[in-house]
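Chemist: Letter by letter, the sequence shown follows residues 1 to 1237 in full-length UniProt numbering. Idealized CB from N, CA, C, for every residue including glycine.
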Amino acid sequence: MDFGDGGECGKCEELPGVNKCTCGEIFCEACFSKHLKRNPQHNQQREHTLALIPVSVLRSQRWWKFVTRPFSKESQADAFKYDEAAKWFGLITKMNENNIRESELAETPRLMSLLHRSAEAHPEGLGAQIPSIVSFVGPSGAGKSVLIRSIISLSAEEETWKSVEAPVPGEKGSTCSTTGEVNLYPEPSSFGTKTPILIADCEGVEGSRPVATNYQEDWKQLSRKYPIQNKEGRGLDRTSIAKNIYPRFLYIFSDVICYVTREQRSWANATVRLLEWSSVGAQHAINQYTLPALIIILNNSGVENEAWVSDDRNILTKEFFTTISEELNDNDSLRNLAMKYGETTMEGLFGRNYSSVHVHYTPQEGYGPFGSIETVQRQNQRLLDRIKSDSRRVQEERAKSWTQFDSQKLPILTELAFNHLATGAEEPFDFGSCRRKTVVPHDQTLHLRIAEFLRRCFKPGLFFGMPNCVSALGIMILRNALLSQDKNDLLLVPSTPFSAEIQEECKKALNYFYDEDLPCEYIDPKSGNRCVNTKSGHGRKGHQDRSGQYMRSGDYVKDGKKATPESFINSVKSYITDTTKRFGLEGLNRRKWRELVTAEHHKNMEQLRESGIYPQPGLAEEDDPFHESSICYSCLFKRPEYLLPCNHTVCEDCIRSHSDSTIEATRMKRATGKHILKSCIICNTSIGEGWPFEANLRPPLSGCRVLFLDGGGVRVINQLVILKRLESCIGLKLPIGDFFDLIVGTSGIAAIALGISKTPATEFTPKFKNMCTKSFIPQYRYRHKQSSGGTNQHYWLWFMWNLFNRTNTSFTGATMSLQDPLYSAQLLEKSFQDIIQGNEKRKFFGLRNYCRVAVTTTFEAESRLIANYSFGGYGKYSFSDMSVSDVALCTSACPPYFPPHVGKMGAYRDGGLKENNPIHLAVTEAEALWAPRYDIVLSVGSGKASQLWYGSEHRDYIENGQVRQLFDELLENINGNPAWVEFQKSWPERILKRSERLNVDLAQKYEPAFDNLSVIADMEEHAQSYSPTQPLFESPFQPIVGNAEAKLIETLADRLRASLFFLEVKSVNRGDGFTVSVKGAVRCRLGPADKGFESLLSMVSSFKVNDETVVSYSNSSPPTVEFFRLNINFSNDSMDKAVRIDVKFSRPYWVAISGCPITIREIIEEWDPAEAEDEGEEKAASDGFHSEHDTYSSLSNRNPPSESGTQETRCILYRDVGVVSSLDADGEGTNPNYDRD
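1) With a threshold of 16 other CB atoms inside 10 Å of the CB of TYR1006, please say whether the residue is buried or exposed.
2) Is PHE693 helix, strand or coil when you go by DSSP?
3) Return the CA-CA distance between ARG997 and PRO645, expressed in angstroms with no decimal places.
4) Shorter than 8 Å from the beta carbon of GLY461 to some beta carbon of chain C?
5) With contact counted as at least three CB pairs below 8 Å, one residue from each stretch, are the segment 735 to 755 and the segment 695 to 714 in contact?
6) Over what stretch of residues does the beta strand (DSSP E) that includes ARG209 continue unbroken?
7) Given 8 Å as the limit, is there contact between the segment 874 to 881 and the segment 939 to 949, that is, 3 or more CB pairs closer than that?
8) Starting from ALA106, trace the beta strand (DSSP E) both ways and give me its first and last residue.
9) Of the residues ALA1003, PHE776, PRO692 and ILE475, which one's Cα is nearest the Cα of ASN718?
10) Determine the burial state of CYS851: buried for a count of at least 16 other Cβ atoms within 10 Å of its Cβ, exposed for fewer.
11) In the DSSP assignment, find the unbroken alpha helix (DSSP H) run with ILE655 in it and report its ends.
12) From the DSSP output, in three-state form, read off GLN1207 for me.
13) Anyone know if the C-beta pair for GLU727 and THR762 falls short of 8 Å?
14) In angstroms, rounded to a whole number, what distance separates the CA positions of LYS767 and LEU115?
15) Tell me, please, which residues DSSP counts as bridged to SER135.
16) Have a look at ILE835, ASN96 and GLU595 and flag the residue whose alpha-carbon is nearest the alpha-carbon of ASN770.
17) Using the C-alpha atoms, what's the distance from GLY748 back to PHE1093?
18) What separation, rounded to the nearest whole angstrom, lies between the Cα atoms of ASP342 and ASN99?
19) Among CYS434, VAL470 and TRP1150, which residue has its Cα nearest to the Cα of ARG1140?
20) Does the beta-carbon of ARG149 have 16 or more other beta-carbons within 10 angstroms, so that it is buried, or is it exposed?
21) Pick helix, strand or coil for THR403, following the three-state DSSP scheme.
22) Could you compute how far the alpha carbon of ASN916 sits from the alpha carbon of TYR908?
23) Going by C-alpha to C-alpha distance, which of LEU105, PRO760 and ALA1081 sits closest to ARG1125?
24) With DSSP run on the structure shown, which of helix, strand or coil describes HIS920?
25) Around the C-beta of CYS9, are 16 or more other C-beta atoms found within 10 angstroms, so that it is buried, or is it exposed?
26) Assign PHE463 to one of two classes, buried (16 or more other C-beta atoms within 10 Å of its C-beta) or exposed (fewer than that).
27) Give me whichever residues DSSP pairs with GLU996 in a beta bridge.
28) Pairing CB atoms from the segment 972 to 992 with CB atoms from the segment 895 to 904, are three or more of them under 8 Å?
29) Give a yes or no on whether the C-beta atoms belonging to ASN1132 and VAL1076 are separated by under 8 Å.
30) Is the segment 207 to 217 touching the segment 247 to 256 in the sense that three or more CB pairs, one from each, lie closer than 8 Å?
31) Compute the beta-carbon to beta-carbon distance between ALA242 and GLU276, rounded to the nearest angstrom, for a pair I have assumed lies under 8 Å.
32) Where does LYS581 fall in DSSP's three states?
33) Beta-carbon within less than 6 Å of ARG990's beta-carbon, same chain only, minus the 5 sequence neighbours each way: which residues are those?
34) Per DSSP, what are the beta-bridge partners of residue 1282 in this structure?
35) For the pair the segment 444 to 453 and the segment 509 to 529, tell me if three or more CB-CB distances fall below 8 Å.
36) Can you check which of these residues, LYS340, CYS434, ILE576 and ARG725, is closest to GLU600 by C-alpha distance?
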């Protein structure tokens, strides 16, 4: 360290001399100021003074100037306006026409914006972060804003001070409140780490009007608002909010609370005020196992005590408790508080609300021997160190008690808290409820799903709910076993359905329920109130009643009468044993057992409704726990996918089991896969719009049809032209989405329109062009258009919350930037809403009666899926309980064109940044959903040119860092070909033989930019002539046989048309032990009432099995008045030899029907004999007609007849019996092989 040679101050002879006067004397800062007042003709010898000052002192002076720099009136206004972007939440009030105050609690996107930026400030990006909130509270004029500003600057590099995010300091000597509402700032040294510290600056506890409110109004327009009232139904004023709402909210969320005061001489009054403030929060929160740490800051105090700035950092804390303890008996307020909480010491009184207490001293700058800037700086550094250590300790305690809330859970918690506070209810905020709502059960957490079911069952009480719980859970377990077990399992052995694994899951579920939900058994002898804290939430607060009031200290008291996990398991096992014995009296037919289980399940569900455990018939409201749930409450074993008209959700297996079982309905679901649900399984609603509910389910043994769409901005026009041509070639006048079971789109807007809205590609193409024209309007033009006076007054603020910026990989990720995206997300959203009019606010999650759709998005630098069949919140799935419009923005927010879409879970960007060609993601998804055989895997690109577009003119809009790296990755993979090449190297041949890639060869040398509107017309015209040829196959599992020298788009259309036919198996028999015979029928997904059915059958010319023509329709088509059914028999002596069932559409080649070719082994493994049509049903389906020649037998050891043989077959319909009989040229019957149902 470099020093001058100034020595001590010539006046006080204590502090270093750092100012040389023209009189020749050397003074310290404080003495020099006094000396100049007495001698105004004297002045500072600057060049000599600078030589005297140590380098560290100069830096301290610069630091203090930054912390406390005064503002002129104009510059202060600018500073407050700049600081408006730090607003987190606050109060909005207005007087209505009746002169009655109306109030709203308003929340901005500030919290999620900071977490998003923190994740991106890390060089490699971060997953979920665990933020720690530190709240500064206290009376107005205590210096909170200056303290926060000082510690923020202490943890930042000096060169970044000008751009640092920190509060505006108040004017020197002012006692007015500076900050309005609650602002939130990043602590620079932790920003960009896994555990960022966020500092909340709360306005003064008195609720006086802050200076900031004179300059900050725009945030109110860009906030989520929660109407808030008092008991009389009137809006709250600022004083009420500051005293009752802000403390409750900040106490809920804070790990560390810093109470700032100047009242050292009246510690008792300050303590009373502090305890009253904290009790507002503490007594309005239950099941709060981990309490925040408290730091009391004696700030800007004129008291001089050398010990307080010594190396003993705990000495002031000891003095504080010594002083306060002496006043415990003398101060009425303190004594009353102690009596109220049953405490005899001040340490115990504080321990009710806080996990630790530390008292810190910050001297007043320029006052006395300890008022030097260096001392102030050292004390503030110690304060920062203490904040960090307390934050770490509290987070460690949270981790032990499973009460840490990461960046994905925190938005759920904040929304719950704001909704709770806005109700004005006196009931405390329940942390236990929050923990439960932030845990999302999924496929790997059966015990959590069962625990959630137990929570519903035991809500009326353990004793009352146990019988219904045991029977309902038992039948669900038995039903699951009947649906999923091996066909040869012994059903009468209880250990078969109720396996050791499921028993263990049930034990874990019951213990989890006891820990998280069963309240303490303590009952207060005076009031008779029972403690409401659960075992997981029973911490230092002790026993609290339902209102949150403390009753007494003590640990959790167990319920000695509750059922043990072992007795609970035995009860469920006994129920399953008794039920299987009762079913056994009906025989051992698995199909019959399923019918009995379904009937028993219906009865148990009715009992749950009658007991008030499950909802009564009616439309589910938003707060209904069964509404859009992540759990299928009908079975517990599967995730819900389908959204019923009453807004309850169930899984596909439950729809199959509970769909209409009448003869007509059974015929339809066997023939087409269409199931009809007459009423809700959960609430039994059957009246209203949407009932009965129809669901087209993928038939057993059918193949999977998957469509993948690359991203590309305006280049998506190439995809739409291809799909429009494909739609036209199919020729059934059905939207292209009807021909796919799964659509995965990086071009998410196209996937939504084609798959969910079922918009035909022909209709969507002009709408897409119009959307591009309306969306790609430069920002400056949009802002000018939207504002009356030139600039949109609050537009800049929106982007400060929705920034995708970070300036480097260190602290400066926490700085602000006014860099705008090129285009407006509002315009994109509006133009998309014009396409899906009437559906823009509909939730994305929940299948109705269309294909599964998943769109890609980039969240926290990772590729995620938002799927309409998954509630999300775990693994690769983001939450999908958002509107269709929001999902469209999540998948389209590509930098630098559009800002990230900031939802309640964080910031989402275009999925193309990680997966522009989502083929790997999509095939993996299909495998996870079905583990299928594929009919078609179709990848459609957005065009490729001979030269990549490097986007130099656009990438420069993105600051260096992770987002630019993602954008560069997108540019390298924009045409999707690298992912396609990698796919061909890494997936099995059988999948590859069913996979095709359509990607237009662009006319341009360089691939066009995402926003290049001028090339849309040329690309559209060029795509019309795109005509790839059908590749040749050499595989027994190839989809096409024969002369396939055709254009690829034509053969793809034939394959999609052929996929509407599928194999239904009736029986599988082993004749001589080597040959396996299969009896079945070719069926069709379309029925007589469906559009396109008649056109489809008119296109069919022939069917064949293993190269033997089954039927040829040379003069007429199959009948269209009933469901299609072509009976067939085939056999094979090889389990793994492919069996082909093909259809011909008047072309020189044959096309495999859905799921084919298929091996005998696959049929045996996938076929469910319990669902097969029995002889009685087959006879009824034939309307009483019976013939020993009603099927065509195709034996593997026969020589197939030549297709060009002399025998001509033609098809005649006998309408009186509904049978097609194939006749030869002489009119003699050969093989009656077509039946009508």
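Modeler: Short version:
1) For the purposes of this step, residue 1006 is taken as residue 1006 along the sequence shown, with counting starting at 1. TYR1006 should be labelled exposed.
2) Taking the sequence shown and counting its residues from 1, one reaches residue 693 at position 693. DSSP places PHE693 in strand when its eight states are reduced to three.
3) Stepping through the sequence shown from its first residue, residue 997 is reached at position 997. Stepping through the sequence shown from its first residue, residue 645 is reached at position 645. C-alpha separation (whole angstroms): 38 Å.
4) The chain inventory of the structure shown lacks chain C, comprising one protein chain alone.
5) yes
6) Here residue 209 refers to the residue found at position 209 of the sequence shown. Note, ARG209: premise wrong, no beta strand (DSSP E); not H, not E.
7) no
8) Here residue 106 refers to the residue found at position 106 of the sequence shown. Looking at the DSSP string, the run of the beta strand (DSSP E) that includes ALA106 is 101 to 107.
9) Numbered from its first residue, the sequence shown carries residue 718 at position 718. Measuring from the Cα of ASN718, the nearest candidate turns out to be ALA1003.
10) Within the sequence shown, the letter at position 851 stands for residue 851. That one is buried.
11) Within the sequence shown, numbered from 1, the residue matching residue 655 stands at position 655. 652 to 658 is the span of the alpha helix (DSSP H), which, as asked, contains ILE655.
12) Within the sequence shown, numbered from 1, the residue matching residue 1207 stands at position 1207. Low confidence applies here, because GLN1207 scores a pLDDT of 30, under 50, leaving its location unreliable; read the following figure in that light. GLN1207 falls in the coil class under three-state DSSP.
13) As a working note, residue 727 is residue 727 in the sequence shown. As a working note, residue 762 is residue 762 in the sequence shown. The answer is yes: Cβ separation under 8 Å.
14) Numbered from its first residue, the sequence shown carries residue 767 at position 767. Numbered from its first residue, the sequence shown carries residue 115 at position 115. Answer to the nearest angstrom: the Cα atoms are 36 Å apart.
15) By one-based count along the sequence shown, residue 135 stands at place 135. Beta-bridge pairing links SER135 to ALA200 and ILE257.
16) On the sequence shown, residue 770 is found 770 positions in, with the first residue counted as 1. Selected option, being the one with the closest Cα: ILE835.
17) Start at 1 with the first residue of the sequence shown, and residue 1093 comes out as number 1093. Start at 1 with the first residue of the sequence shown, and residue 748 comes out as number 748. About 30 Å.
18) Against the sequence shown, residue 342 aligns to sequence position 342. Against the sequence shown, residue 99 aligns to sequence position 99. This sequence places Gly at residue 342; Asp is not what is there. Computed Cα separation, rounded: 45 Å.
19) The residue given as residue 1140 occupies position 1140 in the sequence shown. It is TRP1150.
20) On the sequence shown, residue 149 is found 149 positions in, with the first residue counted as 1. So ARG149 counts as buried.
21) As a position in the sequence shown, residue 403 is number 403, starting the count at 1. Reduced to three states, the DSSP call for THR403 is coil.
22) In the sequence shown, the residue the question calls residue 916 occupies position 916. In the sequence shown, the residue the question calls residue 908 occupies position 908. Cα to Cα, ASN916 sits roughly 15 Å from TYR908.
23) Taking the first residue of the sequence shown as 1, we reach residue 1125 at position 1125. Ranking the options by Cα distance to ARG1125, first place goes to ALA1081.
24) Translated into the one-based positions of the sequence shown, residue 920 becomes position 920. Looking at HIS920 - three-state DSSP - the assignment turns out to be helix.
25) To locate residue 9, count along the sequence shown from 1; it is residue 9. So CYS9 counts as buried.
26) Position 463 of the sequence shown, counted from the start, is the residue given in the question as residue 463. Per the 10 Å Cβ criterion, exposed.
27) Residue 996 sits at position 996 when you count from the first residue of the sequence shown. Its beta-bridge partners are LEU938.
28) no
29) Position 1132 of the sequence shown, counting from 1, holds the residue named residue 1132. Position 1076 of the sequence shown, counting from 1, holds the residue named residue 1076. Result yes, Cβ atoms of ASN1132 and VAL1076 sit closer than 8 Å.
30) no
31) Against the sequence shown, residue 242 aligns to sequence position 242. Against the sequence shown, residue 276 aligns to sequence position 276. That pair is no contact at about 13 Å.
32) Numbered from 1 along the sequence shown, position 581 holds the residue referred to as residue 581. Of the three classes helix, strand and coil, the one that applies to LYS581 here is helix, per DSSP.
33) Stepping through the sequence shown from its first residue, residue 990 is reached at position 990. These residues qualify, in order along the chain: PHE1037.
34) One cannot answer for residue 1282 here, as it falls past the ends of the chain, which runs 1 to 1237.
35) yes
36) Numbered from its first residue, the sequence shown carries residue 600 at position 600. Ranking LYS340, CYS434, ILE576 and ARG725 by Cα distance to GLU600 puts ILE576 first.
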